[in-house]
Each structure stands twice: as C-alpha cells, then as structure tokens.
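**Q** Sharing a structure, written as structure tokens. Questions coming.
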Amino acid sequence: MTRPLRWLGQALVLALIMLAIGTLADTPAYTSFPADKAMIRLSFSHGGARDCRDRTAEELAALPPNMRAPQICSRERVPVRLEVDLDGRPLVHADLPPGGLRGDGPSRIYEGFSVAPGRYTVDARLRDSARADGFDWTRTAEITLEPRQNLVIEFKSDAGGFVIQ
C-alpha cells in the first residue's frame, strides 16, 4: 500500500472512532432528577447526652484531690430519637444509635426524599437525652417546594436546633 492510502485509512478509522465517542457522549440523554419532583434531604451528625451522676461526699473524699470531679459520666452516649413529618405523614421515625466502637460518637443520618412540588408543613422533633418521652428539640415550618428544588433539613444545636434551608 502506498503512503497516501495509509493516511487516508488512518484518518477514516480516527473519524469513525470520534463519531462513536461523540454519539455515546450525547446519547442516551441523562437526567439526574425528574423535572416534576422536588427533593427533601435530611442530614445531620449529633451526639446524644451521656449518662452522668453526682458523686457522693464519701466517693469524693476517697479520691486524690486532683481527681475530685463532682460528676461521673459513662463514655457511651444515648441514642438520638428523630421524627420528621411532612403534612402529618411520617418521613422519618428512627432511633439513631451512637457511632464509634464504644458507642461514644455522634449519631448520623443522611436521607433524601422525592416529593411532589407544593406547599407543606414540616414537623421535626429530636430527643438527645435519656428521658423516656417527649422531645428536647422541635421545629415546625411552612415550606413551598418548586420543581427540582433541593431542600435541606439539618440539625445544629449551636444554631438553635433544626435549620431548614
């Protein structure tokens, strides 16, 4: 074969490869999220309370002076109870165990929920103490979701509780 025919053959093969790559890059069409839905994401990391008790006067007297802390606390944290309702229907009702090998880390959750756009009432409740009933943190908010909107519900105790953005 002559040199010009080789170049022509190589150009033809490269053009076919580029055409195949271009076609595969454009089709099939991919949409990451439906255009007629909105997303609610629940994301937080929060540590429950530790079980603490006051030391008695006898216990304190038996300890060296540099170790006389008035309270003694266990290392483990209590599970965090989380409830999130959307217009009275439960989205999440869960007891989140503490993380870590010894149960001394924060409880974590990350979940997403696809919902129809519209106006909703969000009720979020969290219990991070050892109490048997009731909640330590609550928040009710009216939200309006647009199509393809991404709403995030976080919990930040230093910011006053639930943050809905």
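Residue 637 is where the sequence shown starts when you use our numbering, and the numbers rise one by one after that. By construction, the Cβ of each residue, glycine as well, lies at the ideal position given by its N, Cα and C atoms.
1) Between Arg595 and Phe749, is the Cβ-Cβ spacing less than 7 angstroms?
2) Under three-state DSSP, which class holds Asp662?
3) Inspect the beta-carbon positions of His682 and Pro753 and report whether they are closer than 7 angstroms.
4) Measuring alpha carbon to alpha carbon, tell me which residue in Thr757, Leu699, Arg686, Asp721 is nearest Leu733.
5) In terms of residues, what are the limits of the alpha helix (DSSP H) holding Glu782?
6) Expressed to the nearest angstrom, what Euclidean distance is found between the alpha-carbon atoms of Thr692 and Lys673?
7) What residue range does the beta strand (DSSP E) around Ala693 cover?
8) Answer yes or no: do Ala777 and Ile745 have a C-beta to C-beta separation smaller than 7 angstroms?
9) Roughly how many whole angstroms lie between the Cα atoms of Pro715 and Gly796?
10) Taking all protein chains shown into account, do 16 or more other C-beta atoms lie within 10 angstroms of the C-beta of Gly736, making it buried, or fewer, making it exposed?
11) By alpha-carbon positions, which one of Met675, Leu727, Pro640, Leu699 ends up nearest to Pro783?
12) When the Cα of Phe791 is compared with those of Asp769, Glu719, Gln707, Thr780, which residue comes out closest?
13) Look at the alpha carbon of Ala768 and the alpha carbon of Asp662, and state the distance between them as a whole number of angstroms.
14) Taking the continuous beta strand (DSSP E) assigned at Leu727, which residues delimit it?
**A** Let me spell this out:
1) Since the first residue of the chain shown is 637 and the last is 801, residue 595 is not available in this structure.
2) Locating residue 662 in the sequence shown gives position 26, counting from the first residue. The answer is helix: DSSP assigns Asp662 an H, G or I state.
3) For the purposes of this step, residue 682 is taken as the residue at position 46 of the sequence shown. For the purposes of this step, residue 753 is taken as the residue at position 117 of the sequence shown. It is not a contact, given that the beta carbons lie outside the stated cut-off.
4) The residue you call residue 733 lines up with position 97 of the sequence shown. The amino acid occupying residue 733 in the given sequence is Pro; Leu does not appear at that position. Checked all of Thr757, Leu699, Arg686, Asp721; the closest Cα to Pro733 is Arg686.
5) Here residue 782 refers to the residue found at position 146 when the sequence shown is read from its first residue. Counting along the chain, Glu782 falls outside any alpha helix (DSSP H), and DSSP gives it neither H nor E.
6) As a first step, residue 692 is located in the sequence shown; it is residue number 56 there, counting from the start. As a first step, residue 673 is located in the sequence shown; it is residue number 37 there, counting from the start. Cα-Cα distance, rounded: 59 angstroms.
7) Residue numbering aside, residue 693 sits at position 57 when the sequence shown is read from its first letter. Where Ala693 is concerned, there is no enclosing beta strand (DSSP E), although the alpha helix (DSSP H) it sits in stretches over 693-698.
8) Working through the sequence shown from its first residue, we reach residue 777 at position 141. Working through the sequence shown from its first residue, we reach residue 745 at position 109. Contact flag unset, no.
9) Taking the sequence shown and counting its residues from 1, the one referred to as residue 715 is at position 79. Taking the sequence shown and counting its residues from 1, the one referred to as residue 796 is at position 160. If you take the alpha carbons of Pro715 and Gly796, they lie about 20 angstroms apart.
10) Locating residue 736 in the sequence shown gives position 100, counting from the first residue. Taking all protein chains shown into account, Gly736 has fewer than 16 neighbouring C-beta atoms within 10 Å of its C-beta and is therefore exposed.
11) In the sequence shown, residue 783 corresponds to position 147, counting from 1. Checked all of Met675, Leu727, Pro640, Leu699; the closest Cα to Pro783 is Met675.
12) As a first step, residue 791 must be located in the sequence shown, where it is residue number 155. Answer by Cα proximity: Glu719.
13) Within the sequence shown, the letter at position 132 stands for residue 768. Within the sequence shown, the letter at position 26 stands for residue 662. Going from the Cα of Ala768 to the Cα of Asp662 covers about 56 angstroms.
14) In the sequence shown, counting from the first residue as 1, residue 727 sits at position 91. Taken as a continuous stretch (DSSP letters only), the beta strand (DSSP E) holding Leu727 covers 725-732.
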